[in-house]
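Student: Just dropping this structure here.
2 protein chains.
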Amino acid sequence: MRLSKFLLHTTKDITSEAKLVSHQLMLKSGMIKQISSGVYCWLPLGVKILDKIKCVIKQQLDDIGSQEIILPSLQPLSIWEKSGRAKEESDLKSQIFHLTDKKQNKYVLPPSGEEAATDLFNSSVQSYKNVSNILYQITWKFRDEIRPRHGVMRAKEFLMKDAYSFDINKEGALLSYEKILATYLKIFKKLELEVIPVLAPTGAMGGNYSHEFHVLAQNGESKIYYQNELLEYLKGDNFSLKEYEKFYAKEEEKHVSENISSLNILQSKSIEVGHLFYLGQKYSKDLNCTYQDKDGSFKFPEMGSYGIGITRLIAAIIENSNDENGIIWPDSISPFKLAIINIKVENNECTELSEKIYDKLSVKYDVLYDDVHSSPGKKFADIDLIGISWQIIIGPKHAKNNSVELKNRKTGATKILKEEELYNFINDI
Amino acid sequence: MRLSKFLLHTTKDITSEAKLVSHQLMLKSGMIKQISSGVYCWLPLGVKILDKIKCVIKQQLDDIGSQEIILPSLQPLSIWEKSGRAKEESDLKSQIFHLTDKKQNKYVLPPSGEEAATDLFNSSVQSYKNVSNILYQITWKFRDEIRPRHGVMRAKEFLMKDAYSFDINKEGALLSYEKILATYLKIFKKLELEVIPVLAPTGAMGGNYSHEFHVLAQNGESKIYYQNELLEYLKGDNFSLKEYEKFYAKEEEKHVSENISSLNILQSKSIEVGHLFYLGQKYSKDLNCTYQDKDGSFKFPEMGSYGIGITRLIAAIIENSNDENGIIWPDSISPFKLAIINIKVENNECTELSEKIYDKLSVKYDVLYDDVHSSPGKKFADIDLIGISWQIIIGPKHAKNNSVELKNRKTGATKILKEEELYNFINDI
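Here it is in structure tokens:
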């Protein structure tokens, strides 16, 4: 992609309401633009990040045989009345957007899809043989947030991956739960995040076993307490709930400091980015979702639900990975794999070499090529700000020798490479 | 993908309200499931089709340098008041979903995004140098349809690709318009559809030049009149508006039969699947969207807007490509490239050969492997119904000789191939 053809709108002129560095950097880099309080448009740069992160999540979910569905945004209020989540006494009630059509049919804009997923499952699966399933969707969700803040961190419309597991018994459901928990750890590893799952209250969701996933982050709104050894354990490749439960990990309100002084507990600010719920038969019973068992009898499946707030996760990644010059994306979701910066477009040698390298690399990789007339200072600042992992800098001095400067955004390290050396190096990263 | 792990729910038990064959087949094949009148959930099979068709559309739009954005579903009523599209006198008014949050902020769930796109553009582009842009999004849209019908053909929530062009003058805007029209022809060619663009009224959209894209379809709700020679012209690779305008092509209400008796006009039922509008400066003026020109003065960009109803398009494709056994997908959006049907799972030779071929092909292609215990009749019926382009049928008779039967869904033609011949054949299609 040539920068001259790419709608990149970096700016220093941002709202003073943006207190969090992630909010500031998403606005400065031109990923998002607020259209009203807590509601955002996504510019091409932001869409590229969303696509990359969706791709990481989908791949891991596909690997465990999870299947993608799409539930609508217009959900009949009737199914929400069945689950009780739209009732006065529900914690969620005040956060749900309601609307009515011309014929006075009532709808809910959903913050999550337990009811609709259960309803869909009921009509699509009949036999005990086919019950075991994990279904997921990646769709925009809605919450009537009274005080939206921190950009996409707490917004009225947000992108969420929500998954629903169905099993014939509690053992199966807990195995699905464990499988998703292990998959989440893999996803967050790919995103180079340190996360801690902590035991959580189930609240409005129902069910009786739940974990939140917290990213360790200095500016987080939450606070968690955990054993350092747990962080080490989670870095390993084999996760089991049984092993995990030997460690201490609690959110602030569930932490009891006096009893655990001997456990060497760390505390950290954190951002919640994911949530797992073992739901039991709550929703299958509420929505009368059954399957036929071996003996011909009708039974309720055991369910779980599992969310990752994708737009909020992007903010959490930025909170954790930035410097004074801007965002530093993990390689797995860098909006472009490479940036080529032609620092002197009017110099023939620079432009010839830049064009040649762009032609060669853009066949194989996602490349942003800065081919516009502007000052080197502005070019460096913009590419640092938007956080592309690798920068190929082409200036008159080295272009003469058919060489370029390669810079790593994360470490800041640079080296001079001949054109052929560059291709070899890129092939290996 | 193994069928034993894939949530495929084919059924004969569908609502008698489904009159159109596309509606019937989408329900029977288990692509969609209605959750309330005019609102659908998409099952894994349906999501695969949606992904394929999105991919075809994105590729063509990327080829002309169009860039993806995402506009929110919660759009402030204020921008709709500026354009007048939510006002009492607007044609669109009665079809717009309105909602209000706890703080009494008012929102619209949008059927299209002219206002939000214009607002986004205004804040992202300042200079005449950067005006020329085509921005698109593929998002779910909403319409308060008083009489939803024919499945996803006329639904309350639908997936639409909407694009917006911005140019510094009318000539530029009409070039963008022409470029998109030519791109639409390419998209529909990939989808193996015969389409006719017809001059259309601009209605609620504003602007003064508009075309609708109609797919020729026996069960269509529209009727168009066109010269046969136009259909031939559109099959060519070079499209120009000037050449196109030499031909006759009108929708029923604009057709005047007496004047054109000499032109050899054909008539056909049709389904509208796309729409182009040259908007001029309507939205840029309404929303005060300006750029700074060379001389420092502020000017309004010239705009166009361009939609393709993706979910409706899927129905139109099925209307045009089916037989008594089910759907026949064009190769470009077949949910899987290949199906492997193991017709006797309990036979060792069948299963060994099936597994071997599946292992080999699934590395490179998207394959659905029917590995479940059921009758050959049920297996053939289901794979024909869901319309996968190529079927590899593995039964005891041929498996003994390390051979398979390859069937083309469209032609019904079959041939017996040795395993190695099969790989060579598949490589070539």
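For the protein sequence lines, the chains are A and B, in the order given.
Here our numbering is used: the first residue of the first sequence is 12, the next is one more, and so on.
Here our numbering is used: the first residue of the second sequence is 12, the next is one more, and so on.
Beta carbons: idealized from backbone N, C-alpha and C, even for Gly.
Helix, strand or coil for residue 441(A)? Go by DSSP, reduced to three states.
Tutor: The question about residue 441(A) has no answer here: the residues shown for chain A are numbered 12 through 440.
Student: Excluding the 5 residues flanking residue 120(A) on each side, which residues of the same chain have their C-beta closer than 6 Å to its C-beta?
Tutor: Residue 120(A) sits at position 109 when you count from the first residue of the first sequence. 84, 108 and 153.
Student: Spatial neighbours of residue 166(B) within its chain, please: C-beta separation below 6 Å, excluding the five flanking residues on both sides.
Tutor: In the second sequence, counting from the first residue as 1, residue 166(B) sits at position 155. Around residue 166(B), the same chain offers 49 and 159 as residues with beta carbons nearer than 6 Å, after the five sequence neighbours per side are excluded.
Student: Give the secondary structure of residue 231(A) by DSSP, where H, G and I count as helix, E and B as strand, and everything else as coil.
Tutor: Within the first sequence, the letter at position 220 stands for residue 231(A). Looking at residue 231(A) - three-state DSSP - the assignment turns out to be coil, as it is neither helix nor strand.
Student: What are the residues of the region 313 to 332 of chain B that lie near chain A, defined by any Cβ-Cβ distance shorter than 7 Å?
Tutor: Cβ proximity to chain A below 7 Å picks out nothing from the region 313 to 332 of chain B.
Student: What residue ranges within the region 277 to 341 of chain B form continuous alpha helix (DSSP H) runs of no fewer than 4 residues, ordered along the chain?
Tutor: Within the region 277 to 341 of chain B, the complete alpha helix (DSSP H) segments of 4 residues or longer fall at 293 to 297 and 321 to 331, listed in chain order.
Student: Looking at the unbroken alpha helix (DSSP H) that takes in residue 59(B), where does it start and where does it end?
Tutor: In the second sequence, residue 59(B) corresponds to position 48, counting from 1. Residue 59(B) -> alpha helix (DSSP H) spans 55 to 74.
Student: Please state the DSSP three-state secondary structure of residue 37(A).
Tutor: Mapped onto the first sequence, residue 37(A) falls at position 26. Of the three classes helix, strand and coil, the one that applies to residue 37(A) here is helix, per DSSP.
Student: Would you report the Cα separation of residue 35(B) and residue 161(B), rounded to the nearest angstrom?
Tutor: Here the question's residue 35(B) lines up with position 24 in the second sequence. Here the question's residue 161(B) lines up with position 150 in the second sequence. Those two C-alpha atoms are separated by around 9 Å.
Student: Could you tell me whether the Cβ atoms of residue 408(A) and residue 352(A) are closer together than 7 Å?
Tutor: Here residue 408(A) corresponds to residue number 397 of the first sequence, with the count starting at 1. Here residue 352(A) corresponds to residue number 341 of the first sequence, with the count starting at 1. Judged by beta-carbon spacing, residue 352(A) lies beyond the 7 Å limit of residue 408(A), meaning their Cβ atoms are not closer than that value.
Student: Using a cut-off of 7 Å between C-beta atoms, extract the partners of residue 91(B) located in chain A.
Tutor: To locate residue 91(B), count along the second sequence from 1; it is residue 80. Those do not exist, as residue 91(B) stays about 12 Å from chain A at its closest Cβ, beyond 7 Å.
Student: Could you check the C-alpha separation between residue 132(A) and residue 300(A) for me, to the nearest Å?
Tutor: Locating residue 132(A) in the first sequence gives position 121, counting from the first residue. Locating residue 300(A) in the first sequence gives position 289, counting from the first residue. Cα to Cα, residue 132(A) sits roughly 7 Å from residue 300(A).
Student: Taking C-beta pairs closer than 9 Å, name the residues in chain A that residue 46(B) reaches, listed in chain order.
Tutor: As a position in the second sequence, residue 46(B) is number 35, starting the count at 1. Residues of chain A passing the Cβ test: 82, 83, 85, 86, 87, 90, 127, 130 and 131.
Student: Quick check: is the beta carbon of residue 16(A) nearer than 7 Å to any beta carbon in chain B?
Tutor: Locating residue 16(A) in the first sequence gives position 5, counting from the first residue. So yes, residue 16(A) belongs to the interface.
Student: Would you call the region 60 to 68 of chain A and the region 99 to 106 of chain A in contact, with 3 or more CB pairs under 8 Å?
Tutor: no
Student: Work out the CA separation of residue 289(A) and residue 235(A) for me, nearest whole Å.
Tutor: Counting from one through the first sequence, the residue named residue 235(A) turns up at place 224. Counting from one through the first sequence, the residue named residue 289(A) turns up at place 278. About 21 Å.
Student: Would residue 273(B) and residue 227(B) qualify as a contact pair, given that the criterion is a beta-carbon distance under 7 Å?
Tutor: Start at 1 with the first residue of the second sequence, and residue 273(B) comes out as number 262. Start at 1 with the first residue of the second sequence, and residue 227(B) comes out as number 216. No, Cβ-Cβ distance for residue 273(B) and residue 227(B) is not below 7 Å.
Student: Where does residue 98(A) fall in DSSP's three states?
Tutor: Sequence index remark: in the first sequence, residue 98(A) carries index 87 (1-based). It is coil, neither helix nor strand.
Student: In chain B, which residues lie with their C-beta within 7 Å of the C-beta of residue 351(A)?
Tutor: Within the first sequence, numbered from 1, the residue matching residue 351(A) stands at position 340. Chain B residues near residue 351(A): none, gap ~18 Å exceeds 7 Å.
Student: Output yes if chain A places a C-beta closer than 7 Å to the C-beta of residue 79(B); else output no.
Tutor: The residue labelled residue 79(B) in the question sits at position 68 within the second sequence. By this cut-off, residue 79(B) is an interface position.
Student: Which residue wins for smallest C-alpha separation from residue 145(B), given the options 378(B), 419(B), 155(B) and 129(B)?
Tutor: Working through the second sequence from its first residue, we reach residue 145(B) at position 134. Closest by alpha carbon: 129(B).
Student: Is the region 429 to 439 of chain B touching the region 363 to 377 of chain B in the sense that three or more CB pairs, one from each, lie closer than 8 Å?
Tutor: yes
Student: From the beta carbon of residue 384(B), is the nearest beta carbon of chain A less than 7 Å away?
Tutor: On the second sequence, position 373 is the one that residue 384(B) refers to. No, residue 384(B) does not count as interfacial toward chain A.
Student: Along chain A, in chain order, which residues have C-beta atoms closer than 8 Å to that of residue 112(B)?
Tutor: If you number the second sequence from 1, residue 112(B) lands on position 101. Simply 108, 155 and 167.
Student: Under the rule that 16 or more other beta-carbon atoms within 10 Å means buried, what is residue 381(B), buried or exposed?
Tutor: Against the second sequence, residue 381(B) aligns to sequence position 370. By the neighbour-count rule (16 or more Cβ atoms within 10 Å), residue 381(B) is buried.
Student: Which runs of the beta strand (DSSP E) fall wholly inside the region 142 to 225 of chain A and span at least 3 residues, in chain order?
Tutor: 144 to 153, 168 to 178 and 206 to 210
Student: Relative to the alpha-carbon of residue 179(A), which residue among 136(A), 416(A), 331(A) and 170(A) has its alpha-carbon at the smallest distance?
Tutor: Indexing the first sequence from 1 puts residue 179(A) at position 168. Among 136(A), 416(A), 331(A) and 170(A), the Cα nearest to that of residue 179(A) is on 136(A).
Student: According to the neighbour-count rule (16 or more other Cβ atoms, all chains shown, within 10 Å of its Cβ), is residue 27(B) buried or exposed?
Tutor: Translated into the one-based positions of the second sequence, residue 27(B) becomes position 16. Per the 10 Å Cβ criterion, exposed.
Student: Report the rounded CA-to-CA distance for residue 334(A) versus residue 363(A), giving the unit in angstroms.
Tutor: The residue labelled residue 334(A) in the question sits at position 323 within the first sequence. The residue labelled residue 363(A) in the question sits at position 352 within the first sequence. Each residue's alpha carbon lies about 33 Å from the other.
Student: Go ahead and pull the three-state DSSP assignment for residue 138(B).
Tutor: Position 127 of the second sequence, counted from the first residue, corresponds to residue 138(B). For residue 138(B), the three-state secondary structure derived from DSSP is strand.
Student: Within this structure, are the beta carbons of residue 86(B) and residue 127(B) separated by less than 7 Å?
Tutor: Position 75 of the second sequence, counted from the start, is the residue given in the question as residue 86(B). Position 116 of the second sequence, counted from the start, is the residue given in the question as residue 127(B). Yes, these two residues count as a Cβ contact at 7 Å.
Student: For residue 66(A), return the contacting residues in chain B, with the cut-off set at a CB-CB distance below 7 Å.
Tutor: Sequence index remark: in the first sequence, residue 66(A) carries index 55 (1-based). Near residue 66(A) there are no residues of chain B at all, since even the closest Cβ is about 12 Å away, more than 7 Å.
Student: Checking contacts by CB at 7 Å: is residue 53(B) closer than that to chain A?
Tutor: Here residue 53(B) refers to the residue found at position 42 of the second sequence. It does; some Cβ of chain A falls within 7 Å.
Student: Give me the residue from 410(B), 404(B), 411(B) and 47(B) with the minimum Cα distance to residue 420(B).
Tutor: By 1-based counting over the second sequence, the position of residue 420(B) is 409. Answer by Cα proximity: 404(B).
Student: So if DSSP puts residue 428(A) in a beta bridge, which residue, or which two residues, is it bridged to?
Tutor: Position 417 of the first sequence, counted from the start, is the residue given in the question as residue 428(A). DSSP output for residue 428(A) lists 415(A) as bridge partner(s).
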